[in-house]
Amino acid sequence: MLKSGKNYYEILGVTPDIETAQLKAVYRRLARKFHPDINPDGEKMFKDITEAYEVLCDETKRRQYDTLNGFFKSAKKPENSGETYRKTFRKATESSFQTKSSSKTSKHQDEIKFKNSTKDEKFFTEMINDIIDGFSKTSKKKHTKKEEKPVNGADIYTDVSISLKESISGTHKIVNVMQTCVCPKCRGRKFINDSKCSECEGKGEIITHQKINVTIPAKVKDGAKLRLPGEGKKGINGGKNGDLYLKITILPDSFFSVDGNDLTCEVPISPFEAVLGGDIEIPSLNGGNVLLTLPEKTKSGQVFRISGKGLKKNNLVGDIIVTVRIQIPDEISDEEINLYRKLKNLSGKNLRENLI
Ligand SMILES: [Zn+2]
């Protein structure tokens, strides 16, 4: 156990033979690491290293400390330490150690001591101020977020494609947005222990993919823009978040085309449906089917209107407009062929007799 209670050399991580000139560099390095402005957990360590440095950088205090704790005798000095030692003493003008062995009066000795002390203190204060200035400059740089004006986040624009059916009923979509957020490693400070944060490369924020579940309302129009307030880029320094704008594209439907409020489609019918007439089912966008009654002798290309089953927009409801096309199946059985032959023989009407 040391008599002074603390091993200042250990605290500074140096050996007892370190020269005063080197101590300053060591202290600077440690002070930068543990200064409470930079490292909120470093307060105690900063106090300790400052206390250690205050004693060890002062020749008189260091000598007393070394003597008291047995460092002075055991300290292994470099070969040129005597020279360094003398230089230091010449610089410091006098020290209490020297004055003791000199023939100067005690009054004069006190004066010298006072001078020395003032000089050391001044030197020390200047250095600390220098370091603190350095910190405050760095701190200002690092804490610019607090001091800068609030910056609103930018708006984000993105396209969303939906089916015609989804445009009628409304839907939910997951939208991928490139968002920026505060770096989780340095918490926006950009630096960790004086070196650039490796996670954000000193930017203080990182880009992330964010999935946002958005609700597309029913009856949305093609090309419509939806605004989601606050879902854009995050504001900085208390600034507002930007908005997210979704541009809606309604994908072409394989069956229906949109014509105003009307839905148009083409429906195949068989030759016998065309001749005999009857009910056929037409799919609708509301989920169920709607019935279309074909009259006897329906012609290919004939157009039918199913009223009130189209799109509802602006309090108006459109229709489904159906064009029928007689379609011959690809596979026809021998029995059917024979029946068609009978029909051909039965029919006396020539459809092309009045072409010219
Ligand atoms: Zn970072």
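In this note's numbering, the protein residues as written are 1 to 356.
From the three backbone atoms N, C-alpha and C, an ideal C-beta is built for every residue, glycine too.
Check: Looking at C-alpha atoms only, which residue of Phe272, Ser270, Glu331, Thr171 is the closest neighbour of Ala218?
Finding: When each option's Cα is compared against that of Ala218, the closest is Thr171.
Next item on the list: Measure the CB-CB distance between Ser161 and Thr249 and report whether it falls below 8 Å.
Entry: Contact: yes.
Note to self: Quick check: is any heavy atom of ligand 1 less than 7 Å from the C-beta of Cys183?
What the structure shows: Taking 7 Å as the cut-off, the C-beta of Cys183 counts as close to a heavy atom of ligand 1.
Checklist line | Residue span of the beta strand (DSSP E) that contains Glu331, given as start and end | finding: Where Glu331 is concerned, there is no enclosing beta strand (DSSP E), because DSSP gives it neither an H nor an E.
Margin query: Going by DSSP in three states, Pro271 sits in which element: helix, strand or coil?
Written below: Helix at Pro271.
Check: Any Cβ of chain C within less than 8 Å of the Cβ of Ile38?
Finding: Absent from the structure: chain C. Only one protein chain is present.
Next item on the list: Mind checking which residues open and close the beta strand (DSSP E) that includes Asp259?
Entry: Run containing Asp259: 257-259, per the beta strand (DSSP E) assignment.
Check: Considering only residues of the same chain and omitting the five flanking positions on each side of Thr293, which have a CB-CB separation below 6 Å?
Finding: For Thr293, where only same-chain residues beyond five positions count, the Cβ hits under 6 Å are Asp279.
Checklist line | Sequence-distant residues of its chain with Cβ nearer than 7 Å to Pro242 (five each side left out) | finding: First, the residue type needs correcting, since residue 242 is Gly and not Pro in the sequence shown. In the same chain as Gly242, and ignoring 5 residues on each side of it, the C-beta atoms closer than 7 Å to its own belong to Asn152, Gly153, Ala154, Asp155, Ile156, Gly232, Lys233, in chain order.
Notebook entry, point to check: By how many angstroms is the C-alpha of Ile18 removed from the C-alpha of Asp66?
Noted result: Taking C-alpha positions only, Asp66 is separated from Ile18 by approximately 12 Å.
Notebook entry, point to check: What span of residues does the beta strand (DSSP E) with Asp159 cover, start to end?
Noted result: Here the beta strand (DSSP E) through Asp159 covers 156-162.
Item checked: Assigned secondary structure, Ser198 (DSSP; H/G/I helix, E/B strand, else coil) -> In the structure shown, Ser198 sits in coil (DSSP, three-state: anything other than H, G, I, E or B).
Next item on the list: Consult DSSP for Leu374 and reduce its assignment to one of helix, strand or coil.
Entry: In the structure as shown, the chain starts at 1 and stops at 356, and residue 374 therefore has no counterpart that could be examined.
Margin query: Can you tell me whether Lys87 is buried or exposed? The criterion is at least 16 other CB atoms within 10 Å of its CB, across all chains shown.
Written below: Residue confidence for Lys87 is low, a pLDDT of 38 falling below 50, so the modelled location carries little weight; the figure read from the coordinates is stated next. Residue environment: Lys87 is assigned as exposed (fewer than 16 neighbouring CB atoms within 10 Å of its CB, all protein chains considered).
Next item on the list: Alpha carbon to alpha carbon, how far is Gln22 from Ile206? Give it in angstroms, no decimals.
Entry: Distance between the alpha carbons of Ile206 and Gln22 is about 40 Å.
Check: Between the segment 272-292 and the segment 181-190, do three or more beta carbon pairs fall short of 8 Å?
Finding: The segment 272-292 vs the segment 181-190: no contact.
Margin query: What residue range does the alpha helix (DSSP H) around Arg28 cover?
Written below: Unbroken alpha helix (DSSP H) run through Arg28: 20-34.
Note to self: Counting C-beta neighbours from all protein chains within 10 Å, is the total for Glu335 16 or more, i.e. buried, or is it exposed?
What the structure shows: Residue environment for Glu335: exposed (fewer than 16 other C-beta atoms within 10 angstroms of its C-beta).
Checklist line | Straight-line gap, Lys342 to Val303 (C-alpha atoms, nearest Å) | finding: Those two C-alpha atoms are separated by around 30 Å.
Next item on the list: Please work out which residues of its chain come closer than 6 Å, Cβ to Cβ, to Asp48, disregarding the five sequence neighbours upstream and downstream, and give them in chain order.
Entry: For Asp48, the CB contacts under 6 Å within the same chain, skipping 5 residues up- and downstream, are Ile11 in chain order.
Next item on the list: Classify Lys349 as buried or exposed, calling it buried when 16 or more other Cβ atoms lie within 10 Å of its own Cβ.
Entry: Under this definition Lys349 is an exposed residue.
Checklist line | Lys190 Cβ short of 7 Å to ligand 1 heavy atom set | finding: At a threshold of 7 Å, Lys190 counts as near ligand 1, since its beta carbon sits closer than that to one of the ligand's heavy atoms.
Next item on the list: Return the bridge partner residues of Val177 from the DSSP annotation.
Entry: Secondary-structure assignment with DSSP links Val177 through a beta bridge to Gln210.
Margin query: Let's see if you can read the secondary structure: which residues bound the alpha helix (DSSP H) around Ile38?
Written below: Run containing Ile38: none; DSSP gives neither H nor E here.
Notebook entry, point to check: Could you check where the beta strand (DSSP E) with Asn289 kicks off and where it finishes?
Noted result: For Asn289, the uninterrupted beta strand (DSSP E) run begins and ends at 289-294, by DSSP.
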